[in-house]
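Numbering (the numbering used here), first residue to last: 86 to 367.
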């Protein structure tokens with residue numbers, strides 16, 4: 086009986102060893118990735134071999150708007166001169182969107198309307214939209230998928246990247262000048278061809294791809310403004326969308342949101358990296 090037990094134990098150990106030899110760690114990793122849906126084959130084939138991909142989603146990204154910052158109302162941006170900044174701009178000659186390393190141009194003035202001292206941030210590039218602090222994974226090549234799109238409720242904005250379709254869809258209660266509810270089809274355009282929306286309430290913006298949808302922003306109410314997609318494309322070389330959105334709630338402010346993709350999170354691949362609100366009411 087003892088001999089039989091010893092033989093069975095030996096057979097079991099050999100079988101386990103052979104089974105372990107047949108298991109390929111690389112195959113297991115690939116199967117696990119496919120099961121979790123972390124990486125789509127038509128988006129990017131080998132994440133580990135992709136240069137400049139974000140390994141960890143950056144949590145310390147900062148942005149600067151090209152605006153006058155009031156000393157007391159908004160407060161001056163801190164440590165502007167000590168940080169390395171990138172500027173996103175649209176080249177006026179080629180019409181292409183570009184990024185470049187640049188030190189923000191700073192000057193100080195006085196805002197007579199608010200009776201406050203101001204710090205004025207500007208760029209040498211005429212079509213500059215914003216500055217952002219450098220982060221791990223930033224690509225040297227900028228890929229643009231969409232630009233300058235109004236985010237009107239019930240009017241989805243769609244674009245394609247690497248064979249996939251992505252959409253931004255807004256929902257809100259819309260009102261006319263007299264406070265009467267209207268539908269999105271009743272919205273009229275102003276003289277410049279932009280939507281003229283006197284007021285919206287409970288504005289919610291969702292990011293959609295395939296059968297997945299996630300809310301990425303919400304505005305309690307708006308006053309004579311229409312949220313806008315300023316730019317969408319690939320900033321970090323992972324084949325997934327990054328975005329800059331203007332989600333200002335009123336015409337006397339500018340509130341930009343900077344979104345980056347996170348390929349390590351299949352359930353939430355677009356995340357807010359930074360946002361900044363500058364008020365210039367009088």
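We put the beta carbon where it would ideally sit given N, CA and C, even for glycine.
CB of residue i within 8 Å of CB of residue j, strictly
{"i": "residue 165", "j": "residue 187", "result": "no"}
{"i": "residue 224", "j": "residue 320", "result": "yes"}
{"i": "residue 257", "j": "residue 286", "result": "yes"}
{"i": "residue 312", "j": "residue 288", "result": "yes"}
{"i": "residue 302", "j": "residue 332", "result": "yes"}
{"i": "residue 334", "j": "residue 344", "result": "no"}
{"i": "residue 170", "j": "residue 189", "result": "yes"}
{"i": "residue 353", "j": "residue 347", "result": "yes"}
Opening and closing residue of the beta strand (DSSP E) in which residue i lies
{"i": "residue 152", "result": "Neither: residue 152 is in no beta strand (DSSP E) and is coded neither H nor E."}
{"i": "residue 161", "result": "Per DSSP, residue 161 belongs to no beta strand (DSSP E) and is neither H nor E."}
{"i": "residue 259", "result": "249-260"}
{"i": "residue 344", "result": "338-346"}
{"i": "residue 57", "result": "A question about residue 57 goes unanswered here, because the residues of the chain that appear run from 86 up to 367."}
{"i": "residue 318", "result": "313-319"}
Candidates the options, of which the one nearest residue i by Cα
{"i": "residue 177", "options": "312, 338, 213, 363", "result": "213"}
{"i": "residue 174", "options": "232, 163, 202, 193", "result": "232"}
{"i": "residue 216", "options": "226, 149, 210, 183", "result": "149"}
{"i": "residue 298", "options": "252, 361, 183", "result": "252"}
{"i": "residue 248", "options": "182, 358, 344, 326", "result": "326"}
{"i": "residue 151", "options": "283, 209, 260, 243", "result": "209"}
{"i": "residue 273", "options": "310, 294, 291, 306", "result": "310"}
{"i": "residue 211", "options": "348, 196, 179, 199", "result": "179"}
Simplified DSSP state of residue i, which is helix, strand or coil
{"i": "residue 327", "result": "strand"}
{"i": "residue 268", "result": "coil"}
{"i": "residue 291", "result": "strand"}
{"i": "residue 200", "result": "coil"}
{"i": "residue 86", "result": "Its pLDDT being 46, under 50, residue 86 is placed unreliably by the model, and nothing is read from it."}
{"i": "residue 274", "result": "strand"}
{"i": "residue 362", "result": "strand"}
{"i": "residue 187", "result": "coil"}
Integer Cβ distance of residue i from residue j, believed to fall under 8 Å
{"i": "residue 156", "j": "residue 203", "result": "7 Å"}
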